[in-house]
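The block underneath contains the structure these notes are about, expressed in structure tokens.
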Amino acid sequence: MSTFAGFHRPRRPAVETISYLRGLPLDVHQAHKEVILYQQQQQQETGGATSKDDEDDDDDKFPQNLAAAFSALDEVKGEIASLAGDEHGSQSIELLAQIAAPYSEIAARCLIHACLGYCLHLATHRYGSHVLQSILQLSITSLSKEDMAMDENAPPSLHENATGGVVPSLSDLVHSVVDELSPHLEELAVHLCGSHVLRTLMCVLGGVQLVTSHRGGREAEAASLLRGKPKSKKKKRKRSTDDPAMGGTAIQNAGTMSIVYVEGSKRDNDQFSDLLASFFGIFVRTTTKQSPGICSSWHVTPVRVHC
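All the letters of the sequence shown, read from the start, carry residue numbers 0 to 306 under numbering that gives the first Met the number 0.
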């Protein structure tokens, strides 16, 4: 079995950049509310409706949280791979992705483009794997018919990068991620972090999301938000008598997950479907040859959801 030796590792993130990102007053839920309000106002203006008085002009401004996320993304785009490996930096990048990517394919493309060359390192990193998973999944998530980065009131930086040919297309970027990870499928499939990245990548290519079936309520909502948050320390408990190591009958498993088919995603159906078939074929041939039981641990139940 080969090793991960030789992969590219980004330099340490700048302390000033982490402080800058942590100081941004960004909020995911507020950002979504602002975008919805802005889009409603734009539709009213397009339809010929006018505001009751001129004092409401401030409400027509481009969503502040989204504008801040776009500007910050352009500011730190050259350090995203480095920030992804830092506990606080990774949380900030995920926050930017959660605000910007669902409303802009350009933002999603910038995020993936910044990870190229470091995908293997990020996939096997404690914090970087969460960032890579979030960016990949959010890259096909669409909450807006129009790319908000192309709006006339949006900050021009991201738009200039995309239209200037600096950032490749979304399908080309995802293809590049697949090319980086494909030679290491055997190791990634059994890696604590890498296996989750592979599963997410397959879901992105298939246009689906995975939802843990045993979670619900607040726990399910929390799982969809920032990951990698510091956890409160728990007191050590005595080993249970059900522990297999103690002769018990407990069976270890990874849990059951449901496949949720999301319509209206930004994925290219033709290119992604072909890429998924090729990638999955390589994965099956590689992993089952050395470890026949790998795929059997990924239990999923398909569920179709219309959005």
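All C-beta atoms in this analysis are idealised placements derived from N, C-alpha and C, irrespective of residue type, glycine included.
All figures in this text were calculated on a predicted structure; none of them were measured in a lab.
- Listed in chain order, the alpha helix (DSSP H) runs fully inside the segment 6 to 37 are 14 to 21, counting runs of at least 4 residues.
- DSSP places V189 outside both helix and strand once states are collapsed to three, so it counts as coil.
- Rounded to whole angstroms, the gap between the alpha carbons of A13 and L23 is 16 angstroms.
- Annotation: E78 is outside any alpha helix (DSSP H) and is labelled neither H nor E by DSSP.
- L172: member of the alpha helix (DSSP H) spanning L169 to L180, first to last residue.
- Residues of the same chain with a CB within less than 6 angstroms of the CB of F278, apart from the 5 flanking positions on each side, are V177 in chain order.
- Put simply, of C118, H183 and A100 the residue whose alpha carbon is nearest the alpha carbon of N64 is A100.
- The residue from D73, M147 and A68 with its alpha-carbon nearest to that of E104 is M147.
- The three-state secondary structure of H112, taken from DSSP, is helix.
- Secondary structure at R284: helix, using DSSP grouped into helix, strand and coil.
- Sequence-distant Cβ neighbours of S143 in its own chain, meaning closer than 6 angstroms and more than five residues away, are Y102.
- Rounded to whole angstroms, the separation of the alpha carbons of A80 and C114 is 5 angstroms.
- For the pair N152 and K76, the Cα-to-Cα distance works out to about 21 angstroms.
- Within the model, the alpha-carbon separation for L169 versus V283 is close to 25 angstroms.
- Within a 10 Å sphere around the beta-carbon of V203 sit 16 or more other beta-carbons, which makes this residue buried.
- Rounded to whole angstroms, the separation of the alpha carbons of E93 and V196 is 15 angstroms.
- For C192, same chain residues with a beta-carbon under 6 angstroms away, outside a window of 5 residues either side, are T123 and S128 in chain order.
- Annotation: K60 to L187 spans about 45 angstroms, alpha carbon to alpha carbon.
- Shown here, P154 sits in coil according to DSSP, grouped into three states, outside any helix or strand.
- When the five nearest sequence neighbours on each side are left out, the beta carbons in the same chain lying within less than 8 angstroms of the beta carbon of P167 are those of R108, H112 and S175, in order along the chain.
- In terms of CA proximity to L209, L137 leads the group L82, Q42, L20 and L137.
- Sixteen is the threshold: when 16 or more other Cβ atoms of the shown chains lie within 10 Å of the Cβ of L200, as they do, the residue is buried.
- By the 16-neighbour rule on beta-carbons within 10 angstroms, D150 is buried.
- In terms of CA proximity to A68, I98 leads the group N268, I98, L274 and I134.
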